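Position 501 of the sequence shown, counting from 1, maps to 509 under the working numbering, and the rest follow consecutively.
What follows is a single structure, written as structure tokens, with notes after it.
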Amino acid sequence: MGIVGEYGTILYRSTVSSWFHVASRINTDVRGVTGDSFNDMHVCGGGGFIRNNINGNYAFTTFEKNPMLANLVDIVYYSGMGFAVSSLNNAIIRTTDGGLSWALPSGTSVNYTWVSKPGASGSFLGNNMCLHPTDRNSIFIAFGNQVYKSRTKGEDWNAVGNAIPTGSTPHSFFVSPVDTNIWLVATESSPDKVYRTTDYGQTWTAVISLNFSNYGQPLEMDQNDPSVFYFAPDNGGFWKSTDNGATFSEISGNYPFRSPCDIIVMYDSSKVVFVADGITGSGTAKIYKSVNGGANWTLVHTAAASEVPSMSNSVFDKSTVWATEWSGSNIYKSTNYGDNWVTHHSNSFSGWGSDVCHEDPTLLVTGSWGAAATISVNGGDNWTNVSSGLSGHGGGILIPDRGYIICHQGTNVYKLNVVYTVITSISENTLTGIPDKFSLGQNYPNPFNPSTKIRFDVPNSGNVSLKVYNELGKEVSTLVNSFRNAGSYEINFDASALSSGIYFYSLESNGLTSTKKMLLVK
9 MGIVGEYGTI LYRSTVSSWF HVASRINTDV RGVTGDSFND MHVCGGGGFI RNNINGNYAF
69 TTFEKNPMLA NLVDIVYYSG MGFAVSSLNN AIIRTTDGGL SWALPSGTSV NYTWVSKPGA
129 SGSFLGNNMC LHPTDRNSIF IAFGNQVYKS RTKGEDWNAV GNAIPTGSTP HSFFVSPVDT
189 NIWLVATESS PDKVYRTTDY GQTWTAVISL NFSNYGQPLE MDQNDPSVFY FAPDNGGFWK
249 STDNGATFSE ISGNYPFRSP CDIIVMYDSS KVVFVADGIT GSGTAKIYKS VNGGANWTLV
309 HTAAASEVPS MSNSVFDKST VWATEWSGSN IYKSTNYGDN WVTHHSNSFS GWGSDVCHED
369 PTLLVTGSWG AAATISVNGG DNWTNVSSGL SGHGGGILIP DRGYIICHQG TNVYKLNVVY
429 TVITSISENT LTGIPDKFSL GQNYPNPFNP STKIRFDVPN SGNVSLKVYN ELGKEVSTLV
489 NSFRNAGSYE INFDASALSS GIYFYSLESN GLTSTKKMLL VK
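In structure tokens form, the structure reads like this:
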């Protein structure tokens, strides 16, 4: 028995036990719950996540890889087959293997376009986006010497607070979860500075003045203890604040890095810290790891590039860390807590920003210093270039949930818009009479544009499959895939979403198969 609800609520129990509360570690709503038993439950929600508790995983941290980048509002399972639906599109996703894999309907096309969102602009480097600690609809960004806020998940922006005193190129920005009046920003100056405000940006105070990399993100908040901040300047040690950024102290004179580009802290283990390092034109990019909170460092990765501009990790899989490189095109991955790294994927462009979805570690996006980005919706198994709509140089990427993907790009903020085009105009007529043999008729008209009719006869009841394939043998549409009584049927197939060409349609039932060819001419 399970109950799900807003802000990550998951409760479940057996028929005789007390209710068990799951620490879901998300802020999005859980909308659907299903399962065959107490130890085989599946939940969905947010921007498209599906999680289960199979094999005693009572924290529901097994995430089912699926292609949906939109809210999932319901899910149903029965004997390994499952369906999940969104309220924002017609793309019902399906699994036939108990959630090991999910697929969109055959013939569905997915269009990714970045859309510029108005209200925030200016110069920047690094990633200056920060989620509001308590309002899941609000997000901040630092552009130039101004901070902007959106209350609509990045759809529009307005300036908040007064101007940052000096400099016009911020590199890192944070709003403190301890007190949202406290902000910290690292910005270029002479020398570079970290400024702090305790009154929502009305007044600013410089708390540390040390030059940092002119292409890096030198400031990081410890997500495990938000009163702690780390700062890594150029050739200047490793600095730490334990009072919400009011003061910083150098904690490591043993600093092997040259020009730090990014800092991340492991979730649930503040002693483990990573620094990405690089110098433009050096041809050597490095990653260092500390297991004692930044006092000592070990070189864990060297790449034949100039910089490692960003790293990303997840609260749901602390063993996995991702990294990009510039001016190389590789995406690197570690699956043993950053001790060893492998080249996981190579893009057609040099890397820059990156993020792992905050509600589902199977979704990742990496960007470029140019107008390019790539996305994986299945934990890096496959990657798709999603560059349409982008312009200018890249900076940061932020993925609060699967349907909420923001890019800090050029002098604008961009949000990823995903459109699913599903063939929905398939109609079926049942004809009179019981046929005496299995047969598949030739479609008519043929050639056709854009619709055609296909008749078939099945003399015995059973499961019937009628699918359409392109010339390469790839399935492009499923017209029938379920039980049918013995009889004659006629399907109206609308191929508006397909391009001109030769297609094959194949009928299978009770061990019999028949295939015919048809021609779509537009």
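Ideal placement from N, C-alpha and C gives every residue a C-beta, glycine not left out.
These numbers come from a predicted model, not from an experiment.
Query: Whole-Å CB distance - Ile271 paired with Ala240, under 8 Å assumed; Result: 6 Å
Query: Stretch-stretch touch, CB-based, cutoff 8 Å, three pairs: the region 84-103 with the region 347-356; Result: no
Query: Straight-line gap, Ser517 to Lys297 (C-alpha atoms, nearest Å); Result: 59 Å
Query: 6 Å Cβ shell around Glu196 - same chain, five flanking residues per side excluded; Result: Gly175 and Thr177
Query: Inter-stretch contact at 8 Å, needing at least 3 Cβ pairs: the region 446-458 / the region 184-198; Result: no
Query: Exposure of Leu439, with buried meaning 16 or more beta-carbon neighbours within 10 Å; Result: exposed
Query: Runs of beta strand (DSSP E) lying entirely within the region 260-320, each at least 3 residues, in chain order; Result: 268-273, 281-285, 293-298 and 306-311
Query: Residue from His29, Ser508, Lys461 and Phe491 with nearest C-alpha to Glu5; Result: Lying before the first or after the last residue shown, residue 5 is absent from the chain, which here runs from 9 to 530.
Query: Rounded C-alpha distance that separates Glu163 from Asn493; Result: 51 Å
Query: At least three beta-carbon pairs within less than 8 Å, the region 323-335 to the region 357-373; Result: yes
Query: Validate contact between the region 114-124 and the region 137-156 using beta carbons, cut 8 Å, 3 pairs; Result: no
Query: Nearest-angstrom Cα separation, counted from Tyr428 out to Val118; Result: 5 Å
Query: Exposure of His29, with buried meaning 16 or more beta-carbon neighbours within 10 Å; Result: exposed
Query: Whether Ile434 touches Asp502 by CB criterion (8 Å); Result: yes
Query: Rounded straight-line distance, which links the Cα of Met76 to that of Phe46; Result: 26 Å
Query: Between the CA atoms of Phe68 and Thr17 - distance to the nearest angstrom; Result: 12 Å
Query: Ser337 burial status per 10 Å Cβ neighbour count (16 or more: buried); Result: buried
Query: Residue burial classification, Lys530 (beta-carbon count within 10 angstroms, cutoff 16); Result: exposed
Query: Those residues which DSSP pairs with Ala150 across a bridge; Result: Val155
Query: Spatial neighbours of Asn454 in its chain, beta-carbon cut-off 7 Å, leaving aside the 5 residues before and after; Result: Thr460, Met526 and Leu527
Query: Pro185 versus Asp233, Pro467, Thr382 and Met49, residue with shortest Cα-Cα distance; Result: Asp233
Query: Run of the beta strand (DSSP E) containing His416, from where it starts to where it stops; Result: Tyr412 to Gln417
Query: For Ile190, the three-state DSSP class (helix, strand or coil); Result: coil
Query: Straight-line Cα distance separating Thr382 from Asp363; Result: 11 Å
Query: Counted within 10 angstroms of its Cβ, other Cβ atoms place Phe491 as buried (16 or more) or exposed; Result: exposed
Query: The region 58-66 in contact with the region 389-399 per 3-pair CB rule at 8 Å; Result: no
Query: Selected residue, minimal CA-CA separation from Glu14, among Tyr20, Thr23, Arg21 and Asn35; Result: Asn35
Query: Beta-carbon proximity of Ile339 to Val316, cut-off 8 Å; Result: no
Query: Rounded straight-line distance, which links the Cα of Ala313 to that of Glu333; Result: 6 Å
Query: Buried or exposed (CB count within 10 angstroms, at least 16 for buried), Ile442; Result: exposed
Query: Neighbourhood of Lys279 by C-beta, 8 Å cutoff - its chain only, sequence neighbours within 5 removed; Result: Ser298, Val299, Asn300 and Gly301
Query: Simplified DSSP state of Gly64, which is helix, strand or coil; Result: helix
Query: Identified DSSP bridge partners for Ser180; Result: Asn135 and Ala194
Query: Inter-residue spacing [alpha-carbon to alpha-carbon] between Glu228 and Ile190; Result: 14 Å
Query: Extent of the continuous beta strand (DSSP E) to which Glu479 belongs; Result: No beta strand (DSSP E) holds Glu479; DSSP gives it neither H nor E.
Query: Contact set for Phe265: own chain, Cβ-Cβ below 6 Å, skip 5 residues either direction; Result: Val283, Asp285 and Tyr296
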